[in-house]
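First up is the structure itself, then whatever we jot down about it.
Below, the structure written as structure tokens:
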């Protein structure tokens, strides 16, 4: 028996927390598994994500969001 996973090319929002700072990067190209929702990024995309975060360039916009404790 073989397992075949189907992927869709989509634009997703990438989220990351580094040292208490949250980053949202919109419209990131990814391959998304239709079975699990798992997202896969090309090496070029990962490199660009790292550049955006570490260069601390000016964001397109800033949002405010509530934070809740899960307890």
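In our numbering, the protein residues as written are 3 to 73.
Quick reminder that beta carbons are idealized off the backbone N, C-alpha and C, glycines included.
Computed from a predicted model, the values in this text were never measured in an experiment.
Let's see if you can read the secondary structure: which residues bound the alpha helix (DSSP H) around residue i?
i: residue 55; result: 45 to 56
Just list the residues that DSSP pairs residue i with in beta bridges.
i: residue 31; result: 13
i: residue 42; result: 33
With H, G and I counted as helix, E and B as strand and the rest as coil, what does DSSP make of residue i?
i: residue 19; result: strand
i: residue 25; result: strand
Cβ contact (3+ pairs, closer than 8 Å) linking the stretch 52 to 69 and the stretch 19 to 35: The stretch 52 to 69 vs the stretch 19 to 35: in contact.
Sufficient close CB pairs (3 or more, under 8 Å) joining the stretch 4 to 13 to the stretch 30 to 37: In short, these stretches touch, since the Cβ pair count reaches three.
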